[in-house]
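These protein sequence lines are chains X, C and B, in that order.
No gaps in the numbering here: position 135 of the first sequence is 1553 in the numbering used here, and each next residue is one more.
No gaps in the numbering here: position 70 of the second sequence is 77 in the numbering used here, and each next residue is one more.
No gaps in the numbering here: position 254 of the third sequence is 1223 in the numbering used here, and each next residue is one more.
By construction, the Cβ of each residue, glycine as well, lies at the ideal position given by its N, Cα and C atoms.
Structure, as structure tokens:
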Amino acid sequence: MGGREATMVLLDENGIRCDGRKVDEPRRIMIRAGGLKNADGSAYIEFGDNKILVGVFGPRDVHPKHMANTDTGILRVRYHMEPFSVGERKNPAPSRREIEISKVIKEALEPAVMLDKFPRTAVDVFIEVLQADGGTRCAALTAASVALADAGIPMRDMVAAIAAGKVADTVILDVNNEEDQAGQADMPMGYMPNIGKITLLQLDGVLTPEEYKKCIEVGIDGCKKVYELQKQALNDKYFGNRD
Amino acid sequence: MDNKRKYVIPGDVITTGPFRPEQNVVLDGNKIISTTVGITEIYDDSVRVIPLTGKYLPKINDLVIGKVVSHTSLSWELDINSCYVGFLPAQDVFGRDFSAHADELSSKLKTGDLVAARIANFDRTRDPLITIADRDLGKIDSGDLMKIAPSKVPRLIGKRGSMIQMIEEATNAMITIGQNGWVVVTSDNHEGLLKAKKAIQMVDEKAHIANLTDQVKEMLESRSES
Amino acid sequence: MANIIDELKKNQILELLDQGKRIDGRNLDQTRELSIEINAIPKANGSARVRLGDTEVICGVKIQPDRPFPDMGDKGIFICTAELLPLSDPSVETGPPGPDVIELARVVDRGIRESHMVDLSQLVIEKDKSVVGVFADNVAVDYDGNLFDACSYAATAALLSSKTPKWNWTDDAPVLAEGEESAVPITTIPVSVTMGKIGNHIIVDPNADEWASMDARITITSDSDGNICALQKGGVDGFTQEEIFKCGEISVRIGAQIREKLKEAQKGA
Chain X
1419 MGGREATMVL
1429 LDENGIRCDG
1439 RKVDEPRRIM
1449 IRAGGLKNAD
1459 GSAYIEFGDN
1469 KILVGVFGPR
1479 DVHPKHMANT
1489 DTGILRVRYH
1499 MEPFSVGERK
1509 NPAPSRREIE
1519 ISKVIKEALE
1529 PAVMLDKFPR
1539 TAVDVFIEVL
1549 QADGGTRCAA
1559 LTAASVALAD
1569 AGIPMRDMVA
1579 AIAAGKVADT
1589 VILDVNNEED
1599 QAGQADMPMG
1609 YMPNIGKITL
1619 LQLDGVLTPE
1629 EYKKCIEVGI
1639 DGCKKVYELQ
1649 KQALNDKYFG
1659 NRD
Chain C
8 MDNKRKYVIP
18 GDVITTGPFR
28 PEQNVVLDGN
38 KIISTTVGIT
48 EIYDDSVRVI
58 PLTGKYLPKI
68 NDLVIGKVVS
78 HTSLSWELDI
88 NSCYVGFLPA
98 QDVFGRDFSA
108 HADELSSKLK
118 TGDLVAARIA
128 NFDRTRDPLI
138 TIADRDLGKI
148 DSGDLMKIAP
158 SKVPRLIGKR
168 GSMIQMIEEA
178 TNAMITIGQN
188 GWVVVTSDNH
198 EGLLKAKKAI
208 QMVDEKAHIA
218 NLTDQVKEML
228 ESRSES
Chain B
970 MANIIDELKK
980 NQILELLDQG
990 KRIDGRNLDQ
1000 TRELSIEINA
1010 IPKANGSARV
1020 RLGDTEVICG
1030 VKIQPDRPFP
1040 DMGDKGIFIC
1050 TAELLPLSDP
1060 SVETGPPGPD
1070 VIELARVVDR
1080 GIRESHMVDL
1090 SQLVIEKDKS
1100 VVGVFADNVA
1110 VDYDGNLFDA
1120 CSYAATAALL
1130 SSKTPKWNWT
1140 DDAPVLAEGE
1150 ESAVPITTIP
1160 VSVTMGKIGN
1170 HIIVDPNADE
1180 WASMDARITI
1190 TSDSDGNICA
1200 LQKGGVDGFT
1210 QEEIFKCGEI
1220 SVRIGAQIRE
1230 KLKEAQKGA
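What follows is the structure in structure tokens.
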């Protein structure tokens, strides 16, 4: 974490980024569906150097009771970073940043989940960042969607996520930590690939109207790639051994 | 349109034809979309997905296995492995002359007890009402509790009970299956108990496999002959 | 953990113990399978992912300059924490930790601290002004009983694998000396062994069902010399003198076996 020297080359003359990737190339992504014994559904994702574990419980009784809604089940999301997940030891108490990210991830999942059949219940999504490396919210959202599917929570679509951004006046896919610190823009995006709706979108940085459009296009293409890996993770767990 | 069973995850488009959407699917324009991880089933003009995961949603008249988790002076609360806690009123056990002053609930059922029960009533506004006042219902005094995915209960029962009959006959075990995925296995014979448990575990792990019955049969026979 | 065990299982556990057997087939003084993955969190200064049966704990070690405690200007700081993540079990609630979790964290911390595993006298940057702080944070991600030992093994394994950066005292501030890393100074390897008492039986490393059935428990930590360095009794029943002697003997004997596994795990790293 912290500032890097301004001398770092984010994009060289051959269009190669500081970690050796091409402009439209995501980092290495590995997703596993399931894995936790006690959770109703779970997933683990490695997204570059991000390592994130997600557990889902529910639908289940709501505590405290006053949060319950008599018309529908409710979705609750907690995004939390371990003290050892970042450069300097993080205080274990939730920060304002974690509370905001919890909220945007919840609102990115809500268009997909269908809880009207489960009035007075809650679905709890617990996201634990074990190691952070830029783009944790996208990696977390991607894994949360797999964990919800693993728990059998009805969903009209998966939600896949990745960030687009800008470094050295060039639009790139999947912003890493260095690019986030020293780059010009970071645009995390969540997308329902079959329905074609963007459910998470944020932007830090300055884009021209043309770059803005390009970022959206690059982001959607990236989400589609991530979606293929989500599918594969669920297929491996549920249909891996067909004979 | 091919009627082959397909493996699907949420968001997968199953078909675009003029079909009637049933369980675990939604209609989006003319597309029928799966809402869960499961196997598609298309028959006549309807489409549904048989889920491979998910919690038990109570249905009236279902047989379930429940665990007593607490009680007040008027009722017990039961964990029925569901989205909702089961509600067993004292009258159901003590009868009409139940008196909150004279009758102590823990004399009949205490925390940790298992019961075979039926869902007497359930709707969107209330927690499921449980009854144990019927033949074959009530406190379970012996056996091993196993937990399988509720979505796999139909597979464990099999067509007209074929799977469960096969397991019971081969192992001499008695198996009570709750629709909520909790299963109690009882047997006088230790070997038979272990084998029955193994068979149930196999069904839980391999429910999506087409020739599951043959595989379970093979396992049951292989051990007994050795 | 507020898990309610079903009566059938509880009775079964008791019946089996009377025959000298356990519900998962173990001997009374046998731990579950222990797997240790070193460096699970490569960006931390040290880390380990430990599975004890189906209980899983991740420990990450962070090492950074800190101000010394008053009157302890010639010693570095060591702090070990433990937390149950809400995804580890449906009964875990978010928010401030309850008494059980606070006890867990303190017992794990005490076992390592009282053994003097980390030589804190070597972790001074500038006496009375700046010292090295070593933070070992445990998080439980899956629960199947006996978090005491799982956290203790995770923290110990993580500390054994930790590398500390070096800081120099320059212009009244600690300045990182690039590229000068060394192993954390270790003097001994503490190992905790937790035993449960069910009826008159003493069992090692109780799983969740046994944990929910037991009347009392005791956690005993021993060091590399086979000395006992920390101890915690819990639960509603008591132990006889004879039982306490027996638990002491078991903890040193089983502890020595676990210590070899902790050493072995470091070699693969």
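So which residues of chain X does threonine 1063 of chain B contact, with C-beta pairs closer than 7 Å?
Your numbering for residue 1063 of chain B matches position 94 in the third sequence. Correct list: Arg1496.
Arginine 131 of chain C touches chain X at which residues, Cβ-Cβ below 7 Å?
The count along the second sequence starts at 1 and reaches residue 131 of chain C at position 124. Under the 7 Å cutoff, chain X gives Pro1537.
I want to verify the contact list: residues of chain X whose CB lies under 9 Å from the CB of leucine 1054 of chain B, in sequence order.
Looking up residue 1054 of chain B in the third sequence gives position 85. Those within 9 Å of leucine 1054 of chain B in chain X are Leu1471, Gly1473, His1498, Glu1500, Phe1544, Glu1546.
Using a beta-carbon distance below 8 Å, is glycine 1608 of chain X in contact with chain C?
As a working note, residue 1608 of chain X is residue 190 in the first sequence. Judged by the 8 Å Cβ criterion, glycine 1608 of chain X is not in contact with chain C.
In chain order, what residues of the same chain have a beta carbon less than 6 Å from the beta carbon of serine 1220 of chain B, not counting five sequence neighbours either side?
On the third sequence, position 251 is the one that residue 1220 of chain B refers to. Contacts found: Val1162, Ile1189, Ser1191.
Return yes when the C-beta of valine 1108 of chain B is under 7 Å from any heavy atom of the ligand SAH, and no when it is not.
With respect to the ligand SAH, the structure shown offers nothing to examine, as it has no ligands at all.
Which residues does DSSP pair with alanine 1589 of chain X in a beta bridge?
Within the first sequence, the letter at position 171 stands for residue 1589 of chain X. The sequence as given places valine at residue 1589 of chain X; alanine does not occur at that position. In DSSP, valine 1589 of chain X forms a bridge with X/Lys1584.
If you measure from the beta carbon of lysine 62 of chain C to each beta carbon in chain X, is any gap under 8 Å?
Walking along the second sequence from the start, residue 62 of chain C turns up at place 55. True, the Cβ-Cβ gap to chain X drops below 8 Å.
Strictly under 8 Å for the Cβ-Cβ distance: is glutamate 1229 of chain B near chain C by that measure?
Stepping through the third sequence from its first residue, residue 1229 of chain B is reached at position 260. Chain C, which has no Cβ nearer than 8 Å to the Cβ of glutamate 1229 of chain B, makes this no.
Using only the alpha-carbon positions, how far apart do glutamate 1628 of chain X and glutamate 1147 of chain B sit?
As a working mapping, residue 1628 of chain X is identified with position 210 in the first sequence. As a working mapping, residue 1147 of chain B is identified with position 178 in the third sequence. One C-alpha to the other measures close to 43 Å.
Given a limit of 9 Å on CB to CB distance, which residues of the segment 1446-1461 of chain X reach chain B?
Per Cβ criterion, the list reads Gly1453, Leu1454, Lys1455, Asn1456, Ala1457, Asp1458, Ser1460.
Buried or exposed for lysine 1649 of chain X, please, with buried defined as at least 16 other CB atoms from any protein chain shown within 10 angstroms of its CB.
Here residue 1649 of chain X corresponds to residue number 231 of the first sequence, with the count starting at 1. Its Cβ being crowded by 16 or more others within 10 Å, lysine 1649 of chain X is buried.
With the cut-off set at 8 Å, would you say alanine 1486 of chain X and arginine 1538 of chain X are in Cβ contact?
Your numbering for residue 1486 of chain X matches position 68 in the first sequence. Your numbering for residue 1538 of chain X matches position 120 in the first sequence. Yes, the Cβ-Cβ distance between alanine 1486 of chain X and arginine 1538 of chain X is below 8 Å.
Run through chain C and tell me which residues come within less than 7 Å of isoleucine 974 of chain B, C-beta to C-beta.
One-based indexing of the third sequence puts residue 974 of chain B at position 5. Those are Gly119, listed as they occur along chain C.
Is it right to say serine 1513 of chain X is buried, meaning 16 or more other beta carbons lie within 10 angstroms of its own, or is it exposed?
Indexing the first sequence from 1 puts residue 1513 of chain X at position 95. Exposed, because fewer than 16 other Cβ atoms sit within 10 Å of the Cβ of serine 1513 of chain X.
Suppose the cutoff is 6 Å on Cβ atoms and the five residues either side in sequence are ignored; what does the same chain contact list for alanine 1074 of chain B look like?
Stepping through the third sequence from its first residue, residue 1074 of chain B is reached at position 105. So the qualifying residues of the chain are Thr1050, Ala1051.
Whose C-beta lies closer than 7 Å to the C-beta of threonine 193 of chain C among residues of the same chain, with five residues either side of it excluded?
Position 186 of the second sequence, counted from the first residue, corresponds to residue 193 of chain C. Closer than 7 Å at the Cβ level, and outside the excluded window around threonine 193 of chain C, lie Ser149, Gly150, Ala180, Met181.
Less than 7 Å between C-beta atoms, sequence neighbours within five positions excluded: which residues of the same chain meet that for serine 82 of chain C?
On the second sequence, position 75 is the one that residue 82 of chain C refers to. Excluding residues within five positions, the ones whose Cβ falls inside 7 Å are Phe94, Leu95, Pro96, Ala97.
Check whether the Cβ atoms of aspartate 1111 of chain B and lysine 1455 of chain X lie closer than 8 Å to each other.
The sequence position of residue 1111 of chain B within the third sequence is 142, counting from 1. The sequence position of residue 1455 of chain X within the first sequence is 37, counting from 1. Result yes, Cβ atoms of aspartate 1111 of chain B and lysine 1455 of chain X sit closer than 8 Å.
Determine, using beta carbons only, whether threonine 1426 of chain X comes closer than 8 Å to chain C.
Residue mapping note: residue 1426 of chain X aligns to position 8 of the first sequence, counting from 1. A quick correction: the sequence has methionine, not threonine, at residue 1426 of chain X. No, methionine 1426 of chain X does not count as interfacial toward chain C.
Please list the residues of the segment 1588-1616 of chain X that have a C-beta atom closer than 8 Å to any C-beta atom in chain C, keeping them in chain order.
If the cut-off is 8 Å between Cβ atoms, the segment 1588-1616 of chain X has Met1610, Pro1611, Asn1612, Ile1613 near chain C.
Whose CA, out of B/Lys1202, B/Asn1196, B/Ser1131, lies closest to the CA of glycine 1029 of chain B?
Residue mapping note: residue 1029 of chain B aligns to position 60 of the third sequence, counting from 1. Residue B/Ser1131 is the option with its Cα nearest to glycine 1029 of chain B.
Which chain A residues sit within Cβ distance under 8 Å of glycine 150 of chain C?
Absent from the structure: chain A. Protein chains present are X, C and B.
Could you compute how far the alpha carbon of leucine 1116 of chain B sits from the alpha carbon of leucine 986 of chain B?
As a first step, residue 1116 of chain B is located in the third sequence; it is residue number 147 there, counting from the start. As a first step, residue 986 of chain B is located in the third sequence; it is residue number 17 there, counting from the start. Going from the Cα of leucine 1116 of chain B to the Cα of leucine 986 of chain B covers about 22 Å.
Report the neighbours of lysine 1649 of chain X on chain C: residues whose CB is nearer than 8 Å to its CB, in chain order.
As a first step, residue 1649 of chain X is located in the first sequence; it is residue number 231 there, counting from the start. Those are Ile16, listed as they occur along chain C.
Could you tell me if alanine 1511 of chain X is buried or exposed, where buried requires 16 or more neighbouring beta carbons within 10 angstroms of its beta carbon?
Numbered from its first residue, the first sequence carries residue 1511 of chain X at position 93. By the neighbour-count rule (16 or more Cβ atoms within 10 Å), alanine 1511 of chain X is not buried but exposed.
Can you tell me whether tyrosine 63 of chain C is helix, strand or coil according to DSSP?
Numbered from 1 along the second sequence, position 56 holds the residue referred to as residue 63 of chain C. Strand.
For aspartate 1040 of chain B and glutamate 1072 of chain B, I'd like the C-alpha separation in whole angstroms.
Locating residue 1040 of chain B in the third sequence gives position 71, counting from the first residue. Locating residue 1072 of chain B in the third sequence gives position 103, counting from the first residue. Answer to the nearest angstrom: the Cα atoms are 26 Å apart.
Excluding the five sequence neighbours on either side, which residues of its own chain have a C-beta within less than 8 Å of the C-beta of alanine 1185 of chain B, listed in chain order?
Residue 1185 of chain B sits at position 216 when you count from the first residue of the third sequence. Hits under 8 Å: Gly1165, Lys1166, Lys1202, Gly1203, Gly1204, Val1205, Asp1206, Gly1207, Phe1208.
Assuming the contact rule is C-beta atoms closer than 8 Å, threonine 118 of chain C and isoleucine 973 of chain B should be a hit. Round their C-beta distance to whole Å, please.
Indexing the second sequence from 1 puts residue 118 of chain C at position 111. Indexing the third sequence from 1 puts residue 973 of chain B at position 4. Correct: roughly 6 Å between the Cβ atoms.
So, is the C-beta of glycine 1029 of chain B closer than 8 Å to a C-beta in chain X?
For the purposes of this step, residue 1029 of chain B is taken as residue 60 along the third sequence, with counting starting at 1. Yes, its Cβ sits closer than 8 Å to a Cβ of chain X.
Starting from valine 1100 of chain B and walking both ways along the beta strand (DSSP E), at which residues does that stretch end?
Taking the third sequence and counting its residues from 1, one reaches residue 1100 of chain B at position 131. Element bounds for valine 1100 of chain B: 1099-1111.
When the Cα atoms are used, what is the spatial distance from proline 1034 of chain B to threonine 1125 of chain B?
Taking the third sequence and counting its residues from 1, one reaches residue 1034 of chain B at position 65. Taking the third sequence and counting its residues from 1, one reaches residue 1125 of chain B at position 156. Cα-Cα distance, rounded: 21 Å.
Cα-Cα, which of C/Ile126, C/Ile39, C/Val20 is closest to arginine 27 of chain C?
Looking up residue 27 of chain C in the second sequence gives position 20. That would be C/Ile39, whose Cα lies nearest to the Cα of arginine 27 of chain C.
With a Cβ-Cβ cutoff of 8 Å, do threonine 22 of chain C and asparagine 31 of chain C count as a contact?
Within the second sequence, the letter at position 15 stands for residue 22 of chain C. Within the second sequence, the letter at position 24 stands for residue 31 of chain C. No, they are not a contact pair.
Since valine 76 of chain C meets chain B, which of its residues come closer than 9 Å, beta carbon to beta carbon?
Here the question's residue 76 of chain C lines up with position 69 in the second sequence. Under the 9 Å cutoff, chain B gives Ile973.
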